[in-house]
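Residue 264 in the UniProt record's numbering sits at position 264 of the sequence shown, with consecutive numbering throughout. Every residue, glycine too, gets a C-beta built ideally from N, C-alpha and C. Small disclaimer: the values here were computed from a predicted structure and weren't measured. Here is the structure we will look at.
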Amino acid sequence: MTRITFDLQATDGSARTGVISTARGEIRTPAFMPVGTAATVKAMLPESVAATGADILLGNTYHLMLRPTAERIDRLGGLHRFMNWHKPILTDSGGFQVMSLADLRKLTERGVTFRSHVDGSKHELTPERSMEIQRLLGSDIVMAFDECPALPAPRERIEESMRLSMRWAARSREAFGDRPGHALFGIQQGGLEPDLRAESGKALTEIGFDGYAIGGLAVGEGQEAMFACLDHAPASLPVDRPRYLMGVGKPDDIVGAVKRGVDMMDCVLPSRSGRTGQAWTRRGQVNLKNARHADDPRPLDAACTCPTCRGYSRAYLHHVFRAGEMISGMLLTWHNLHYYQALMAGMREAIAEGRFAAFESAFHAARAEGDIERV
Ligand SMILES: [Zn+2]
1 MTRITFDLQA TDGSARTGVI STARGEIRTP AFMPVGTAAT VKAMLPESVA ATGADILLGN
61 TYHLMLRPTA ERIDRLGGLH RFMNWHKPIL TDSGGFQVMS LADLRKLTER GVTFRSHVDG
121 SKHELTPERS MEIQRLLGSD IVMAFDECPA LPAPRERIEE SMRLSMRWAA RSREAFGDRP
181 GHALFGIQQG GLEPDLRAES GKALTEIGFD GYAIGGLAVG EGQEAMFACL DHAPASLPVD
241 RPRYLMGVGK PDDIVGAVKR GVDMMDCVLP SRSGRTGQAW TRRGQVNLKN ARHADDPRPL
301 DAACTCPTCR GYSRAYLHHV FRAGEMISGM LLTWHNLHYY QALMAGMREA IAEGRFAAFE
361 SAFHAARAEG DIERV
């Protein structure tokens, strides 16, 4: 099997566009990865997710190890076959979600023990076990096991945590071994401290990974602080490897991250907000619960080419949400994922043509107009 490669094709300022080639297909960057937490992108068939333009999706190690378990997925032929998604899959390491979801966590040099939020059963995650689970799942891009403190935190806590994550990164690299066709990404930590970010980037580069994530952001620090960190954090990571910003974000977070040199992102936002009556369009956020849509025969966005906008009115979307019909989450999730992928495609094209600054201005100008006038 071939190695995963990254072909950086064009840059515009710090923004980059390229292609990650894997045995399961190409990932065009900047890439947005929809989140398929429990082996499904909620409310979407896998072929519908592909139709929105997604080249890769994200699966969550923490959820899958608890239910239905990595061993069962392996017996059933791996995660791709299990969920009927045959393009690349990236899995997280489980570390972040143990911290945010599990009960009775105990952190040691060896790893983390915790109780499942599903049934209270006791589990352990270590760098070695995380690599084993992600191998059993058949993940194309595997993430190193790390620890991520919630911000704000005292500098000493961030420093200790980052150094532990770097020791775990070395153990992850060792346990991953040599697996042609599969990539291992290291995760930079260090909070908002420039010197700690640089130390972490250097440590990871010395270990050597196929790609590098910028971890520990989008955990409550706010957009301004995140962008300030992204102004320096990528500088200590190798230029010729993909950079993945974990857990981001809103459309304006994504545009700002791409501007600062990020190649990959993931977020539950487009799918989660689709299930709560929220849509994202070129002109910002639209709340379909609002009574102003009840008699509106127009689509969410007349310029959008997704099936929701081609076939359904705002009045219908308002009605099915209010009536609690399942199609509400399906239609809004489809539109939201389509919008996110169209945004990525627009940025890739703009970077390739050297007009990212103009793209960014137009993006903000459309949002500043706000939603279309009520009927
Ligand atoms: Zn649409």
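Just to confirm, does residue i get its C-beta within under 7 Å of one of the non-hydrogen atoms of ligand 1?
i           : result
His117      : no
residue 422 : The requested residue 422 does not occur in the structure, where the chain is confined to residues 1 to 375.
Thr126      : no
Thr308      : yes
Tyr244      : no
His335      : yes
residue 381 : Lying outside 1 to 375, the shown extent of the chain, residue 381 is not represented and no answer is given.
Tyr339      : yes
Cys148      : no
Cys267      : no
Cys304      : yes
Does the separation of the CB atoms of residue i and residue j fall below 8 Å?
i      : j      : result
Phe32  : Tyr340 : yes
Thr29  : Thr11  : no
Ser200 : Lys42  : no
Cys306 : Trp334 : yes
Gly36  : Tyr62  : no
Gly274 : Leu217 : no
Ala175 : Met131 : yes
Ala345 : Gly53  : yes
Gly211 : Pro234 : no
Leu58  : Asp7   : no
Ser165 : Asp146 : yes
Arg314 : Leu300 : yes
Arg173 : Leu184 : yes
Val98  : Leu136 : no
Leu269 : Pro34  : no
Glu64  : Ile73  : Correcting the residue identity first, residue 64 is Leu in this sequence and not Glu. Yes, they are a contact pair.
Pro68  : Thr22  : no
Arg144 : Trp168 : The displayed chain sequence assigns Ala, not Arg, to residue 144. Going by C-beta atoms, Ala144 is nearer than 8 Å to Trp168.
Taking residue i and residue j to be in contact with their CB atoms under 8 Å, please state how far apart those CB atoms are, rounded to whole angstroms.
i      : j      : result
Val219 : Cys148 : 7 Å
Gly249 : Cys267 : 5 Å
Ala70  : Ile141 : Between Ile141 and Ala70 the Cβ distance is about 16 Å, and since that is not below 8 Å, they are no contact.
Ala203 : Ile187 : About 11 Å separates the two Cβ atoms, so there is no contact after all.
His86  : Gly138 : The Cβ separation is near 11 Å, so there is no contact.
Ala50  : Phe82  : Going by Cβ atoms, the distance from Ala50 to Phe82 rounds to 16 Å, so no, they are not a contact pair.
Met347 : Val255 : 7 Å
Gln278 : Asn287 : 6 Å
Pro180 : Arg3   : 6 Å
Ala15  : Val320 : Not really, about 38 Å apart at Cβ, beyond 8 Å.
Ser328 : Leu317 : 7 Å
Output yes if chain C places a C-beta closer than 8 Å to the C-beta of residue i; else output no.
i      : result
Ala345 : The structure shown contains no chain C; it holds only a single protein chain.
Is residue i near ligand 3, going by C-beta to nearest heavy atom under 7 Å?
i      : result
Glu132 : This structure lacks ligand 3; its bound ligands are ligand 1.
request  = Report yes or no: do the region 191–203 and the region 159–170 share at least 3 C-beta pairs separated by less than 8 Å?
outcome  = Verdict: yes, contact present.
message = Whether or not the region 348–356 and the region 293–304 are in contact is what I'm after, with contact meaning three or more pairs of Cβ atoms, one per stretch, closer than 8 Å; do they touch?
response = Of all C-beta pairs linking the region 293–304 to the region 348–356, fewer than three are shorter than 8 Å, placing the two stretches out of contact.
request  = Specify whether the region 86–105 and the region 115–122 touch according to this definition: at least 3 beta carbon pairs, one from each stretch, less than 8 Å apart.
outcome  = Counting Cβ pairs under 8 Å, three or more are found: they touch.
inquiry  = Would the region 227–235 count as touching the region 257–264 if we require 3 or more Cβ pairs under 8 Å?
reply    = With the cut-off at 8 Å, the region 227–235 and the region 257–264 touch.
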